[in-house]
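J.: Starting off with a structure, shown below.
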Amino acid sequence: MTDARTDELAAGLATVRARVEAACASAGRAPRDVTLVVVTKTYPASDVLRLADLGVRDIGENRHPEAAEKAQACADAGAGDLTWHFVGAVQTNKAAAVAAYASCVHSVDRVRLVRALGKGAVRAGREVGCLVQVSLDPPSAAGRSGVAPDGVEEVAAAVAGTEGLRLRGVMAIAPLGADPAPAFARLADVAAGLRGDHPGADVVSAGMTGDLEQAVAAGATHLRVGRAILGERPSDG
Ligand SMILES: *Cc1c(COP(=O)(O)O)cnc(C)c1O
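The opening residue of the sequence shown carries number 1 in the numbering used here; numbering runs sequentially from there.
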């Protein structure tokens, strides 16, 4: 598929890849150590297929069943080799369905969700990677998801002990309206602590359109970027 929209996506990708390379250069890191997850929420499967043609393999979505429908549509269209990252809040009763197509769930924040994801993964005969979502907000902040830093080990241990799941690391969203650098530094500390008990849990998912440079500087291994590649979402998803 090559059309005006493909050109637009290619331009967005080139801009973001250049930003990642520049951020890696200033941090003394290798670009190959940073995985770009392109967050396609609210955009159609046709855009995912265009991105796949442009060499993107890691796709992020934040809602079920939108994600399931797109994963199916892409598989039907021959793009069956994509890795689907689920980055949004997961309701416990949707967890088994999400485990049937997501390779990695970035938003694991409670033990009940761990159990439900594990059941779904076993039922689907798959292994699902899990990141513990860490809240970097002050304890008083309401309504943002993630587990407080001192609760990470409990959720991580639950993942590590659940059949069908694999503990891959941590994820966070920088607090709204604050300097992301200290928040990402905090996340790096939490990630290092987690690796002490779980050496294989080496993923740090942090950084979006607005703060990917700070995330790379703080050691993020996975960036989740939507708007800078696909355009502003009409209504935020
Ligand atoms: C939407 C979303 C992103 C991408 O954000 P952009 O600002 O579009 O880059 C990243 N992470 C999560 C959890 C999201 O929901």
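Built from N, CA and C at the ideal position, the CB exists for glycine as well.
None of the values given here were measured: they were computed from a predicted structure.
Quick check: is any heavy atom of ligand 1 less than 7 Å from the C-beta of Gly88?
T.: Looking up residue 88 in the sequence shown gives position 88. Gly88 Cβ: within cutoff of ligand 1.
J.: Give me the Cα-Cα distance between Gly88 and Glu8, rounded to the nearest whole angstrom.
T.: By one-based count along the sequence shown, residue 88 stands at place 88. By one-based count along the sequence shown, residue 8 stands at place 8. Their backbone Cα atoms lie some 26 Å apart in a straight line.
J.: Could you give the DSSP three-state label for Gly237: helix, strand or coil?
T.: The residue labelled residue 237 in the question sits at position 237 within the sequence shown. Note on Gly237: pLDDT 45, under 50, position unreliable in the model; the coordinate value appears next. Residue state, collapsed to three classes: coil.
J.: Tell me which residue opens and which closes the alpha helix (DSSP H) that Gln91 is part of.
T.: Position 91 of the sequence shown, counted from the start, is the residue given in the question as residue 91. Counting along the chain, Gln91 falls outside any alpha helix (DSSP H), and DSSP gives it neither H nor E.
J.: For Gly129, name the three-state secondary structure that DSSP assigns.
T.: For the purposes of this step, residue 129 is taken as residue 129 along the sequence shown, with counting starting at 1. Gly129: strand per DSSP, three-state reduction.
J.: Label Asn62 either buried or exposed according to how many other C-beta atoms from any shown protein chain fall within 10 Å of its C-beta, with 16 as the threshold for buried.
T.: Your numbering for residue 62 matches position 62 in the sequence shown. So Asn62 counts as buried.
J.: Less than 7 Å between the CB of Arg224 and some heavy atom of ligand 1, yes or no?
T.: Reading the sequence shown from its first residue, position 224 is the one you call residue 224. Indeed, a heavy atom of ligand 1 lies less than 7 Å from the Cβ.
J.: Return the chain-ordered ranges of every beta strand (DSSP E) run that is complete within the segment 185-231 and spans a minimum of 3 residues.
T.: Those beta strand (DSSP E) runs which fall completely within the segment 185-231 and span 3+ residues are 203-205 and 222-225.
J.: With DSSP as the reference, label Glu163 as helix, strand or coil.
T.: Against the sequence shown, residue 163 aligns to sequence position 163. If DSSP states are grouped into helix, strand and coil, Glu163 belongs with coil.
J.: Determine the extent of the alpha helix (DSSP H) in which Ser46 is found, giving its start and end residues.
T.: For this step, residue 46 is matched to residue 46 along the sequence shown. From DSSP, the alpha helix (DSSP H) with Ser46 extends over Ala45 to Asp53.
J.: Closest to Thr92 by CA distance: which of Arg112, His106 and Thr42 is it?
T.: Walking along the sequence shown from the start, residue 92 turns up at place 92. Ranking Arg112, His106 and Thr42 by Cα distance to Thr92 puts Arg112 first.
J.: When the Cα atoms are used, what is the spatial distance from Gly237 to Pro199?
T.: For this step, residue 237 is matched to residue 237 along the sequence shown. For this step, residue 199 is matched to residue 199 along the sequence shown. A caution first: Gly237 carries a pLDDT of 45, below 50, which makes its placement in the model unreliable, though a value can still be read off. Cα to Cα, the separation comes out at about 34 Å.
J.: Short check: CB of Leu194 to CB of Ala156, under 8 Å?
T.: Within the sequence shown, numbered from 1, the residue matching residue 194 stands at position 194. Within the sequence shown, numbered from 1, the residue matching residue 156 stands at position 156. For Leu194 and Ala156, yes; Cβs fall inside 8 Å.
J.: Is Thr221 a contact residue of ligand 1, with contact defined as CB to any heavy atom under 7 Å?
T.: Counting from 1 along the sequence shown, the entry for residue 221 is found at position 221. No, Cβ of Thr221 sits at least 7 Å from all heavy atoms of ligand 1.
J.: Closer than 8 Å, CB to CB, is Leu194 near chain C or not?
T.: The structure shown has no chain C; it contains just one protein chain.
J.: Quick one: is the Cβ of Ile173 within less than 7 Å of any heavy atom of ligand 1?
T.: One-based indexing of the sequence shown puts residue 173 at position 173. Checking every heavy atom of ligand 1 against the Cβ of Ile173, one is found closer than 7 Å.
J.: What are the start and end residues of the alpha helix (DSSP H) that includes Val122?
T.: Here the question's residue 122 lines up with position 122 in the sequence shown. Start and end: Val111 to Ala124.
J.: Would the beta-carbon of Ala157 be found less than 7 Å away from any heavy atom of ligand 1?
T.: Mapped onto the sequence shown, residue 157 falls at position 157. Ala157 Cβ: outside cutoff for every heavy atom of ligand 1.
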